[in-house]
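A.B. asks:
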Amino acid sequence: GHTLENVEVEAYEKRQVFDIPPVNLIVTEHKSQIKTCPHCGKSNKAVFPESVKYPVQYGPNILASAVYCKNHHFIPYERISEFFEDIMGIKICPATIIRAEKECFQNLECFENIIREKLMISPVIHFDETGMKIEGKRHWLHVASNYKYTCYLPHSKRGAEAIDVMGILPEFKGVAVHDGWKPYNAYDCDHALCNAHLQRELTGIEENYKQQWAKEMNELLTEMKKYTDECKDQIKELDFEQIRALEERFDAIIMKGIEENPQ
Numbered sequence: 001g002h003t004l005e006n007v008e009v010e011a012y013e014k015r016q017v018f019d020i021p022p023v024n025l026i027v028t029e030h031k032s033q034i035k036t037c038p039h040c041g042k043s044n045k046a047v048f049p050e051s052v053k054y055p056v057q058y059g060p061n062i063l064a065s066a067v068y069c070k071n072h073h074f075i076p077y078e079r080i081s082e083f084f085e086d087i088m089g090i091k092i093c094p095a096t097i098i099r100a101e102k103e104c105f106q107n108l109e110c111f112e113n114i115i116r117e118k119l120m121i122s123p124v125i126h127f128d129e130t131g132m133k134i135e136g137k138r139h140w141l142h143v144a145s146n147y148k149y150t151c152y153l154p155h156s157k158r159g160a161e162a163i164d165v166m167g168i169l170p171e172f173k174g175v176a177v178h179d180g181w182k183p184y185n186a187y188d189c190d191h192a193l194c195n196a197h198l199q200r201e202l203t204g205i206e207e208n209y210k211q212q213w214a215k216e217m218n219e220l221l222t223e224m225k226k227y228t229d230e231c232k233d234q235i236k237e238l239d240f241e242q243i244r245a246l247e248e249r250f251d252a253i254i255m256k257g258i259e260e261n262p263q
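Right under this line is the structure:
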């Protein structure tokens, strides 16, 4: 029951609370000077910044956040509007978000062209396509990617017509990795089967034809990937002797497969 006010502090126990500050809308007013020439009497008005197009508008941070919510998290327009009003006190209508999406799309054209150029000079590109719906109709999302860049193209067609519109594979001269779908093989470059699909094929051979070499190859490919991933995680180079040993095992299994399937 004694006061500790004048007792020396022995130690501290710490607890931390992380939080965000209240969201306050910042309004930036732009003023365009208007002057009349004393000589000719003509009225002259200064030009506003290119991005300031209307008497009242939302800034790029608000619009970018709305576009992010819609196109990355797939939140409906109405719910985005509700979120902005509830959390930030900002009334943003769906039409404004749609307009921001269109502007974002147009602004990214230059960036998209750069992505295509970077992919074109890449030694290896992975290609794929998957079904999707646009306004309730069946479309295909075509993808071309490497370790760093990805290009998307939604198109109503799945085959060569869409691949040509994307404009990457027709001019590409490196190694195209894909699932072996026939339209891909028609293009003049080196081709490689995606390892995921390759392992499915090997599993099918093992299960349906009881060929041991397919199982051994499947296990070897998994071992190769594991070794490569471990080297990446440890930031070290692949060991030359280990690579040679894995390649020798690979060649030996291939020969077993050829012997079991001479035709």
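full-length UniProt numbering numbers the first residue of the sequence shown as 1 and each following residue consecutively. Even glycine gets a Cβ: it sits at the ideal position worked out from N, Cα and C.
Using a threshold of 9 Å, state whether the C-beta atoms of residue 281 and L220 are closer than that.
C.D. replies: The displayed coordinates of the chain run from 1 to 263. Any statement about residue 281 would go beyond what the structure contains.
A.B. asks: Starting from I258 and walking both ways along the alpha helix (DSSP H), at which residues does that stretch end?
C.D. replies: Here the question's residue 258 lines up with position 258 in the sequence shown. From DSSP, the alpha helix (DSSP H) with I258 extends over F240 to E260.
A.B. asks: Quick one: which unbroken alpha helix (DSSP H) runs of 4-plus residues sit fully inside the stretch 129 to 197? Chain order, please.
C.D. replies: Listed in chain order, the alpha helix (DSSP H) runs fully inside the stretch 129 to 197 are 160 to 166 and 182 to 185, counting runs of at least 4 residues.
A.B. asks: Helix, strand or coil for F127 per DSSP?
C.D. replies: Position 127 of the sequence shown, counted from the first residue, corresponds to residue 127. DSSP places F127 in strand when its eight states are reduced to three.
A.B. asks: Start and end of the beta strand (DSSP E) containing K91?
C.D. replies: Against the sequence shown, residue 91 aligns to sequence position 91. First-last for K91: undefined, no H or E at that position.
A.B. asks: In the DSSP output, which residue or residues are listed as bridge partners for T36?
C.D. replies: By one-based count along the sequence shown, residue 36 stands at place 36. S43.
A.B. asks: Hey, quick one: how far does the alpha helix (DSSP H) through A214 stretch, first residue to last?
C.D. replies: Taking the first residue of the sequence shown as position 1, residue 214 is located at position 214. Q212 to D233 is the span of the alpha helix (DSSP H), which, as asked, contains A214.
A.B. asks: Pull up the distance between the alpha-carbon of P38 and that of K148, whole angstroms please.
C.D. replies: In the sequence shown, residue 38 corresponds to position 38, counting from 1. In the sequence shown, residue 148 corresponds to position 148, counting from 1. Rounded to the nearest angstrom, the two C-alpha atoms are 60 Å apart.
A.B. asks: Along the chain, where does the alpha helix (DSSP H) that runs through E78 open and close?
C.D. replies: Here residue 78 refers to the residue found at position 78 of the sequence shown. Note, E78: alpha helix (DSSP H), Y77 to F83.
A.B. asks: With distances taken from CA atoms, which of N61, H30, N218 and K226 is nearest V23?
C.D. replies: Numbered from 1 along the sequence shown, position 23 holds the residue referred to as residue 23. Nearest to V23 by C-alpha distance, out of N61, H30, N218 and K226, is N61.
A.B. asks: When burial is assigned at 16 or more other CB atoms within 10 Å of the CB, is residue 264 buried or exposed?
C.D. replies: A query on residue 264 cannot be resolved here, the shown segment of the chain reaching from 1 to 263 and no further.
A.B. asks: Got a sec? Which residues, its chain only, sit under 7 Å from S43 by beta carbon, not counting five neighbours each side?
C.D. replies: Locating residue 43 in the sequence shown gives position 43, counting from the first residue. I34 and T36, listed in sequence order.
A.B. asks: Could you spell out where the alpha helix (DSSP H) holding S65 opens and where it closes?
C.D. replies: Counting from one through the sequence shown, the residue named residue 65 turns up at place 65. From DSSP, the alpha helix (DSSP H) with S65 extends over P60 to N71.
A.B. asks: My output table needs one value for K31: the three-state DSSP class, helix, strand or coil.
C.D. replies: Along the sequence shown, one-based indexing puts residue 31 at 31. Three-state result, K31: coil.
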